[in-house]
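For reference, the structure discussed in these notes is given below.
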Amino acid sequence: MMLGHRADLPFDRDQSTRFLPWIVALMVFLGALMFAGAMVVSDTIDSWDSTLTGRMTVQVPKDSATDAATGTLVTLLSATPGVTAVRPVPANEARALLVPWLGEEVLDSGLPIPALIDVELAAGARLDASLLTARLSQSVPGTTVDDHRVWLSALINLGRAIEILAFIILGLIASSAIVAVIFTTRSGLAVHAAIIELLHQMGAHDTYIAGQFQIQAMKLSLRGGIAGTAAAAIVLLAFAWVGRGIDAAFLPPVTLTIAEWITLLIVPAGAVAIAMFTARVTVMRALTRMP
Amino acid sequence: MLRFENVGMRYGIGPEILRDISFSLPPGSFHFLTGSSGAGKTTLLKLMYLALRPTRGLVHLFDKDISLTPRDDLPALRRRIGVVFQDFRLIDHLTAVENVALPLRVNGGRHAEIDSHVRELLSWVGLGDRLDARPSTLSGGQQQRIAIARAVINRPRLLLADEPTGNVDDHIAVRLMHLFEELNRAGTTVVIATHNHALIEEFGHPVLQLDNGELAVRRNIQAPAVSPGTGKT
Ligand SMILES: Nc1ncnc2c1ncn2[C@@H]1O[C@H](COP(=O)(O)OP(=O)(O)O)[C@@H](O)[C@H]1O
Ligand SMILES: [Mg+2]
């Protein structure tokens with residue numbers, strides 16, 4: 082005898098419950114990809130942020146870039162409060178940075194490449210780029226200072242917008258999941274109305290009946306959640322594999338850390354929790370209509 | 006135990022099916038409920054087992070005014086009522102044993118105890134060889150006996166049966182009546198809705214008679230059944 086293990090309600094005979102695992106699988110798949118995408122964007126922004134803040138680049142036009150001028154600028158910069166290191170970028174290094182963008186031919190054609198000086202700032206130090214530009218160009222005309230702020234903040238804004246969009250889409254996916262569970266549960270309530278009435282008559286509390294629907298919702302959504310997560314993992318691993326050869330300067334790596342993989346499990350866990358909670362609320366509401 | 010005061014009942018905006026019903030059932034009493042088909046017997050029983058709320062009037066059950074009882078307290082009252090439905094309402098994906106065990110499960114009973122208790126009762130109603138059968142594979146009379154076993158398994162304080170002997174042979178009907186009487190002797194208040202006048206006369210309990218939506222209580226014409234040849238032992 083397996084009295085305790087068989088549900089009173091014959092859920093396995095419902096047509097309506099067959100679709101729920103598929104719907105949940107699809108939603109968890111999309112949701113996990115969204116979530117992973119948001120995490121990759123966030124990682125990328127952080128890495129840009131940490132490499133670029135605390136740095137400035139001083140540009141000296143090719144015409145003014147004599148060794149003496151460079152020496153003067155290095156002295157001036159080293160004496161500026163907040164500056165921890167000053168390093169003139171060797172010409173071949175500067176050239177190497179530009180080759181991928183402009184090509185050998187353009188560079189060989191005598192393009193005037195400015196001299197660059199890397200400036201590192203103490204942690205937390207902020208120097209006003211325009212004030213510094215004004216001061217340096219008095220000594221060496223045409224010198225400019227770039228603190229990457231404009232470029233970086235535009236990118237960061239774009240990244241945050243992508244993140245927000247990802248979470249809005251996650252929210253929409255979750256709402257659709259709720260609607261799917263509500264409809265499945267309602268049709269389950271209709272299909273099993275006679276048995277529910279019987280259990281009610283025997284003195285079953287609403288929570289006893291709701292509990293059976295809740296366990297059923299858990300089983301169905303868990304099945305879908307596992308399938309959706311597995312599919313999303315395969316896609317993410319495939320992306321990482323395809324993208325492994327691409328230069329990190331162009332495209333951030335589409336990989337997740339172990340912690341992020343674990344965080345990704347929030348999506349299926351959330352789907353199961355949403356399904357159980359929605360089923361419970363739907364059944365409890367319907368039951369309050371019984372005397 | 007159970008008291009109705011000026012109860013009226015209509016379905017939706019339909020005519021009033023029951024009008025000014027007032028009666029009271031003392032604890033440990035045994036009544037028949039009769040009336041022609043459509044007279045409202047099932048409706049009256051539904052009011053008694055709290056599946057319907059009256060459109061007017063008061064229902065007192067187990068010394069509680071039902072209209073003033075919080076909804077959360079009703080399951081506890083329902084657990085003390087055994088109901089035999091006119092249409093049995095057996096669950097077809099459960100075996101006979103599991104169907105009968107259902108009220109005990111709802112009550113949170115222990116599996117091992119439930120099981121032996123249920124098998125014993127099913128054997129007593131003559132279904133000892135069909136314990137693990139599905140209801141749909143059984144005859145109407147056999148299903149009815151499962152429904153009765155399910156109604157009495159919890160030793161309810163109030164037993165309400167809607168035409169419980171409608172589908173069984175006379176000798177089984179008498180046997181089922183003896184089951185109800187035994188339960189009644191142990192303190193359960195019993196109401197049996199029936200068309201079977203022979204049975205009413207044979208067992209001689211007082212009768213609640215429904216006519217034109219109104220209820221009359223009358224003592225049985227016959228003396229309580231001890232007449233020879235009824236099979237009562
Ligand atoms: N759920 C319902 N909705 C509307 N009318 C009903 C409903 N149930 C019963 N009735 C009507 O109430 C009257 C009494 O029915 P019922 O209580 O089943 O009588 P009985 O059990 O004595 O045959 C009948 O006229 C029937 O049509
Ligand atoms: Mg009826």
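Going down the list, the sequences are from chains A and B. Under this note's numbering, the first residue of the first sequence carries the number 82, and numbering increases by one thereafter. Under this note's numbering, the first residue of the second sequence carries the number 6, and numbering increases by one thereafter. Cβ atoms here follow ideal geometry from the backbone N, Cα and C, with glycine treated the same way. Just so it is clear, the structure is predicted and the values come from calculations on it, not from any experiment.
Listed by chain order, chain A residues near residue i by CB distance under 9 Å
| i | result |
| --- | --- |
| I96 (chain B) | D89, L90, P91, A275, I276 and L279 |
| R139 (chain B) | Near R139 (chain B) there are no residues of chain A at all, since even the closest Cβ is about 12 Å away, more than 9 Å. |
Within 8 Å, strictly: CB atoms of residue i and residue j
| i | j | result |
| --- | --- | --- |
| V105 (chain B) | V123 (chain B) | yes |
| G284 (chain A) | A81 (chain B) | yes |
| M6 (chain B) | P32 (chain B) | yes |
| A412 (chain A) | R361 (chain A) | Nothing can be reported for residue 412 (chain A), as the shown portion of chain A is limited to 82 through 372. |
| V353 (chain A) | L303 (chain A) | yes |
| Q295 (chain A) | M357 (chain A) | yes |
| D111 (chain B) | L280 (chain A) | The sequence given here places Val at residue 111 (chain B); Asp does not occur at that position. Against a cut-off of 8 Å, the Cβ pair of L280 (chain A) and V111 (chain B) comes out as a contact. |
| L301 (chain A) | P91 (chain A) | no |
| G112 (chain A) | I243 (chain A) | no |
| T151 (chain A) | P171 (chain A) | no |
| G240 (chain A) | V109 (chain A) | no |
| E10 (chain B) | L63 (chain B) | yes |
| V173 (chain B) | Q148 (chain B) | no |
| A350 (chain A) | V105 (chain A) | no |
| A166 (chain B) | A198 (chain B) | yes |
| T39 (chain A) | A308 (chain A) | A query on residue 39 (chain A) cannot be resolved here, the shown segment of chain A reaching from 82 to 372 and no further. |
| F100 (chain A) | L251 (chain A) | no |
| V374 (chain A) | L202 (chain A) | Nothing about residue 374 (chain A) can be read from this structure; chain A reaches only from 82 to 372. |
| P161 (chain B) | I96 (chain B) | no |
| T48 (chain B) | M14 (chain B) | yes |
| F28 (chain B) | V195 (chain B) | no |
| I263 (chain A) | T125 (chain A) | no |
| L114 (chain A) | V260 (chain A) | no |
| I71 (chain B) | L220 (chain B) | no |
| P195 (chain A) | P162 (chain A) | no |
| T193 (chain B) | L164 (chain B) | yes |
| F248 (chain A) | A119 (chain A) | yes |
| I22 (chain B) | G45 (chain B) | yes |
| N239 (chain B) | T170 (chain B) | Residue 239 (chain B) is absent from the model: chain B starts at 6 and stops at 238. |
| D89 (chain A) | Q282 (chain A) | no |
Under 9 Å from the C-beta of residue i: neighbouring residues of chain B
| i | result |
| --- | --- |
| G269 (chain A) | Chain B residues near G269 (chain A): none, gap ~14 Å exceeds 9 Å. |
Beta-carbon neighbours of residue i, restricted to chain B and to distances below 8 Å
| i | result |
| --- | --- |
| A285 (chain A) | P80 and V111 |
Under 8 Å by beta carbon: chain A residues contacting residue i
| i | result |
| --- | --- |
| P108 (chain B) | M283 and G284 |
| V88 (chain B) | Q282 |
| R84 (chain B) | M283 and G284 |
Interface residues of chain A facing residue i [CB-CB closer than 7 Å]
| i | result |
| --- | --- |
| R162 (chain B) | The premise fails here: R162 (chain B) is roughly 12 Å from chain A at the closest Cβ pair, so nothing lies under 7 Å. |
Chain-ordered neighbours of residue i on chain B, where CB pairs are closer than 7 Å
| i | result |
| --- | --- |
| P372 (chain A) | L55, A56, L57 and R58 |
Ligand 3 heavy atom lying under 7 Å from the CB of residue i
| i | result |
| --- | --- |
| D93 (chain A) | Within the structure as shown, ligand 3 is missing, the only ligands being ligand 1 and ligand 2. |
Counting Cβ pairs closer than 8 Å, one from the segment 340-352 of chain A and one from the segment 125-142 of chain A, do we hit at least three?
no
With three or more beta-carbon pairs closer than 8 Å as the criterion, would you say the segment 124-141 of chain B touches the segment 152-161 of chain B?
yes
Fully enclosed by the segment 143-206 of chain B, which beta strand (DSSP E) runs are 3 residues long or longer?
163-167 and 194-198
Quick check for students: name the residue ranges of the beta strand (DSSP E) that lie wholly in the segment 123-205 of chain A, counting only runs of 3 or more.
136-141, 164-170 and 196-202
Three-pair Cβ contact test at 8 Å for the segment 182-194 of chain A versus the segment 221-228 of chain A:
no
With a cut-off of 5 Å, give the chain-ordered residues whose Cβ is closer than this to any heavy atom of ligand 1.
B:Y16, B:I22, B:S42, B:G43, B:A44, B:G45, B:K46, B:T47 and B:T48
3-residue-minimum beta strand (DSSP E) runs that sit fully inside the segment 43-97 of chain B, ordered along the chain
61-66 and 86-89
Length at least 4, wholly inside the segment 292-363 of chain A: the alpha helix (DSSP H) runs in chain order
339-345
Threshold first: 3 residues or longer. Then list the beta strand (DSSP E) segments lying entirely within the segment 269-294 of chain A, N to C.
none
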